[in-house]
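In terms of the working numbering, the sequence shown is numbered consecutively and its last residue is 123. Reviewing the structure listed below.
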Amino acid sequence: MTFDDGILKIYQTVNTSKKGDKPVIKLTLKAEHYYGFDSVSYTRYYTALQAHQQIDSIVRIWQDRSIGTDDICVLEDGEQYRIGFVQHVKDDDGICITRLTLSHLNERYEING
């Protein structure tokens, strides 16, 4: 298994407003990983459509259990994706990986710092 499609960045969302002000959500860097794309199966794609969700990509990285569904993934092209599903599995070679299901964000968050 290779992770040669690039480097992705995982961000957590943080409210940077002062107490009592309207929330201002920005992204704070949490982790960086080499990644590889996985194919989206027809079953997974159509199951997501039935649940009114869109799957744009599935990527795999070395296992990182700190990643959650509240985090945002940014690929090398700068596009931001919501992490919809996180799977910690072993691949066919017994290597521990994390598989992330990504959905494109219509809104863009500002990156903090």
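Every residue, glycine too, gets a C-beta built ideally from N, C-alpha and C. Since the model is a prediction, treat every value here as computed from it, not as a measurement.
Residues near residue i in its chain [Cβ-Cβ closer than 6 Å; skip 5 each side]
{"i": "ILE121", "result": "LEU37"}
{"i": "ILE93", "result": "THR79, ASP81, CYS83 and LEU110"}
{"i": "THR23", "result": "ILE35"}
Nearest-angstrom Cα separation, counted from residue j out to residue i
{"i": "HIS4", "j": "GLY104", "result": "A query on residue 4 cannot be resolved here, the shown segment of the chain reaching from 11 to 123 and no further."}
{"i": "TYR45", "j": "ASN116", "result": "23 Å"}
{"i": "SER76", "j": "ASP15", "result": "22 Å"}
{"i": "LEU112", "j": "VAL96", "result": "9 Å"}
{"i": "THR108", "j": "ARG70", "result": "6 Å"}
Beta bridge counterpart(s) of residue i as assigned by DSSP
{"i": "THR38", "result": "GLN22"}
{"i": "ILE107", "result": "TRP72 and VAL99"}
Backbone secondary structure at residue i - three-state DSSP
{"i": "TYR45", "result": "strand"}
{"i": "GLN90", "result": "strand"}
{"i": "ARG75", "result": "coil"}
{"i": "SER67", "result": "strand"}
{"i": "THR12", "result": "coil"}
{"i": "LYS29", "result": "coil"}
{"i": "ILE121", "result": "strand"}
{"i": "VAL99", "result": "strand"}
{"i": "VAL84", "result": "strand"}
Nonlocal neighbours in the same chain, by C-beta distance under 7 Å from residue i, ignoring five residues either side
{"i": "LYS19", "result": "LEU39, GLU42 and VAL84"}
{"i": "ASN25", "result": "PRO33, VAL34 and ILE35"}
{"i": "GLN73", "result": "HIS98, CYS106, ILE107 and THR108"}
Contacting residues, own chain, Cβ-Cβ under 8 Å from residue i (five flanking each side not counted)
{"i": "TYR119", "result": "TYR21, THR23, ILE35, LYS36, LEU37, ILE82 and GLN90"}
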